[in-house]
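Enquirer: Take the sequence shown: its letters are residues 749 to 1475, numbered as in my numbering. Before I ask anything, let me first share the structure, which is written out below as structure tokens.
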Amino acid sequence: MNILVAAMGLAAFSTANAATTEHLHARTLGVTPASQLAHTLGLGNGMSFKARFSRPTRHGTDTVRMQQMYNGVPVYGRSIAVEQNAQGQALVANGPVAQSFNLSASDMRAKLTGDRAVEVLRGRHNPFMAPGQSIHNAKADLYVYPESQGQARLVYLTSYFAAGNQPARPTAIIDANTGEIIEQWDGLTTADGYGPGGNQKTGQYQYGTDYPALVVTASGSTCSLSNSDVKTYDMNNAMSGSGTLVSFPCYTHTGDGVNGAYSPENDAHHFGQVVHDMYNNWFGAPPLNFTLVMKVHLGSNYENAYWDGSAMNFGDGASTFYPLTSLDVTSHEISHGFTEQHSNLQYSGQSGGMNEAFSDMAGEAAEYYDRGSNDWLVGAEIIKSGTALRYMCNPTQDGSSIDNAADYYSGLNVHYSSGVYNKAFCTLAKTSGWNTKKAFEVFERANALYWSSTATFNSGACGVESASDDLGYTTSDVVSAFNAVGVSCPSGGGGGGGGGTGGSLQNGTAVSLSGSSGAFSSTYTVQVPSGSSNLVISTSGGSGDADLYVKLGSEPTLSSYDCRPYKNGNSESCSFSSPSTSTYYVKLYGYSSYSGVSLKATWTEPSGGGGGGGGFYENSTNVNIPDQSTASSYISVSGEANPGPSDLQVHVKIVHTYRGDLRITLYEPNGSSVVLKSPSGSDGTDNVDQTYTVNASSVDPNGQWRLKVDDVYAGDTGYIDDWSLQF
């Protein structure tokens, strides 16, 4: 709810027109000096970009996160990832940019100070502030805020930490001229307890024997849980304050056991070191730009842990949890700090679910780093009864989380919406050729370079795809992992050094592409109906020189392809007289910079198909259905009459050892769905071989259809063998 602080006696707010946002998808820039980036993108007066972070790519270039600025003030939620060459020249850009603002000089002079904005947030109408609570770590950072209705205004992004029995981190976007609260949310990033620790459930272990020795500081005969990376403090059951640095007679620390745990202080210190080392060794830098501060024994019987903007805070638990100082929860909370210092994902809406999911991923990654494996269970070893709090690979098992973007709704708790990205992460990590480390690498890079603070599930997928391409990984696997949870990068895809997803080529429909020398374009796919013939994938027109690469079943590379004509100019083609029904992957590679090149796929439809309706479309590629998980298969339809028939015949053939486990859902091109089969615990028959009649008379049948199979019970597995559409 927006709250106007009328008592301040300030004038009504003024806004500026033309705050339109454009989402760049693999936008080629030629070879542009970084200082001219705003001009090359056609942005308005006063626009510029400021470099924040950079990472090398496999192409010998760097991907740089660039914050958009307006007259020296950062623009909220508008940062882009720019690929630069060794000379610092921009080649490709991805991400959201505001095109122009018309804010006057007076609009850009804040009438409120930052301190006054904090006071507004503390006002009696703030739902997060309890009487008598003290505040710490107050922040008020100036931004230009683009509004959805095409307006913009000067704002403060304001937050503070409120200590007490119910700690909170209220966060708000406040108009810097009127004090109006435009948006607000509780930015306290909490966890319910994760991973292993030394308690009665896991058993006692010894540092220096079962685990590496603690890294401490010795001063004479006194040691402290302190080093250049991690410092651990005892809060002595207080809910606020800085606590006391943990010290003890050298060299053995004992005596702080509580609530079934043997030494929460030792655990917090050691696991903080593990997480620091994971980020440092895997990504070349610590997770935070300051020493990790671990605050232990927070409150009395306090059953939570959280990141407050400057430190990790851990309660001792009570009847539900053991003390929350464990590897999983430690990595989770530290990684909220990593997110805040990089993408700064807003802790509400879909971006909030991504924020929580990234920290869950980091918990699993830390387990993998420390032990060589991870359990995919959130909170399994600190919860006193039950299996787990959440389930990374099957989020709906907790009864609250969602596992598909189609189930998201505004206001859903961010811990529950995290299930979408959690499942995508698990799916990717379990894909052949991947593991937990490799999957975390692409999500970490997306967080560091590509995601914006107001990212959505779909725009976030673009960043992960771009990160995958930067690292030379199989981007189609990333696409498949997101498809499994109803998420896809919008048309145009990621990019980075070339790559990302450009979408599916339809029969006879050309797309126009431009690109730079020495870089791949986005990846396009072609999937023809069964019985089709004479598939021709071709390029023509435009300027420069682009080379065509085509490969069946996976993305082509410079050294791996099924067809590469390699001719001068842009007139190239790859022909397949009897094409496969599997997916063809298509890319262009810039032999030199090129512009306006037409890419097109054409094929002859099977008898009765395409060009007037009555077509038959089939996908016979096997797709595994993991136990208690989801599988999806796709069919592209083109040339059918719009609207579709009232008696569409959908034939589904699934090999499975207990078909009662299965829910089968058909998704139409417009996103609407029809449940073909519901699960039934009493149906123990093997396999599904069934034709369903679907009324498709209210939709345009041309586009991508999806068959989704959910295995909702444990104990049996199978695969999608074949399915078809008969119009």
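Cβ coordinates follow ideal geometry from the N, Cα and C atoms, glycine included.
1) Excluding five sequence neighbours on each side, which residues of the same chain lie with their C-beta closer than 8 Å to the C-beta of residue 1447?
2) Are the CB atoms of residue 1042 and residue 955 within a distance shorter than 8 Å?
3) Just tell me which of 952, 1374, 885 and 1332 has its CA closest to the CA of residue 1008.
4) Identify which residue in 1108, 1035, 1070 and 1369 has its Cα closest to the Cα of residue 1049.
5) Could you compute how far the alpha carbon of residue 1357 sits from the alpha carbon of residue 1381?
6) In chain order, what residues of the same chain lie with their CB nearer than 7 Å to the CB of residue 1233, ignoring the 5 residues before and after it?
7) Over what stretch of residues does the alpha helix (DSSP H) that includes residue 1012 continue unbroken?
8) Taking all protein chains shown into account, do 16 or more other C-beta atoms lie within 10 angstroms of the C-beta of residue 882, making it buried, or fewer, making it exposed?
9) What does DSSP give as the partner residues of residue 1452 in its beta bridges?
10) Going by DSSP, what residue range makes up the alpha helix (DSSP H) through residue 1175?
11) Determine which residues share a DSSP beta bridge with residue 1349 and list them.
12) From residue 1225 to residue 1122, what distance separates their C-alpha atoms?
13) Output the distance between the C-alpha atoms of residue 1004 and residue 892, rounded to the nearest integer angstrom.
14) How is the beta strand (DSSP E) around residue 780 delimited, first residue to last?
15) According to the neighbour-count rule (16 or more other Cβ atoms, all chains shown, within 10 Å of its Cβ), is residue 1064 buried or exposed?
16) Going by DSSP in three states, residue 815 sits in which element: helix, strand or coil?
17) Grab me the residues of residue 809's own chain with a C-beta within less than 8 Å of its C-beta, minus the 5 sequence neighbours each way, in chain order.
18) Taking residue 818 and residue 849 to be in contact with their CB atoms under 8 Å, please state how far apart those CB atoms are, rounded to whole angstroms.
19) For the beta strand (DSSP E) holding residue 1323, just list the boundary residues, first then last.
20) So, does the stretch 853-864 touch the stretch 918-927, judging by three or more C-beta pairs under 8 Å?
21) Assuming contact is defined by CB atoms lying nearer than 8 Å, are residue 1439 and residue 1403 in contact in what I supplied?
22) Mind checking who residue 1268 pairs with in its DSSP beta bridge?
23) With three or more C-beta pairs closer than 8 Å as the rule, is the stretch 1050-1057 touching the stretch 1072-1085?
24) Can you check which of these residues, 976, 958 and 1197, is closest to residue 841 by C-alpha distance?
25) Just to confirm before moving on: does the CB-CB distance between residue 1012 and residue 1044 stay below 8 Å?
26) Give me the DSSP bridge partner(s) of residue 891.
27) Could you give the residue range of the alpha helix (DSSP H) that holds residue 1210?
28) So, with DSSP's three-state summary, where would you put residue 1312?
29) Mind checking whether residue 1313 and residue 1333 have CB atoms under 8 Å apart?
30) Express the C-alpha separation of residue 1147 and residue 1097 in angstroms, rounding to a whole number.
31) Under three-state DSSP, which class holds residue 1064?
32) Count the other CB atoms within 10 Å of the CB of residue 1395; is the residue buried (16 or more) or exposed (fewer)?
33) Does the beta-carbon of residue 895 have 16 or more other beta-carbons within 10 angstroms, so that it is buried, or is it exposed?
34) So, under 8 Å CB-CB, residue 1195 and residue 1091 are touching, yes? Tell me the CB distance rounded to an integer number of Å.
35) Just to confirm my understanding: we take residue 844, look at its own chain, exclude 5 residues before and 5 after, and list those with CB closer than 6 Å. What are they?
36) Is it the case that the CB of residue 1433 approaches a heavy atom of the ligand FAD more closely than 7 Å?
Expert: Quick look at the numbers:
1) 1391, 1392, 1416, 1417, 1418 and 1420
2) no
3) 952
4) 1070
5) Reliability of the predicted coordinates at residue 1357 is poor, the pLDDT of 40 falling under 50, and the value obtained from them is presented with this limitation in mind. Between residue 1357 and residue 1381, the C-alpha separation is close to 20 Å.
6) 1151, 1152, 1153, 1168, 1171 and 1172
7) 1012-1031
8) exposed
9) 1384
10) 1167-1177
11) 1255 and 1285
12) 21 Å
13) 48 Å
14) 769-781
15) buried
16) strand
17) 831, 832, 833, 834, 839 and 1245
18) 5 Å
19) 1320-1324
20) yes
21) no
22) 1337
23) yes
24) 1197
25) yes
26) 903
27) 1205-1218
28) coil
29) no
30) 20 Å
31) coil
32) exposed
33) exposed
34) 5 Å
35) 769, 771, 826 and 1200
36) Inclusion of the ligand FAD in the displayed structure is not the case, the ligand content being empty and no account of it being possible.
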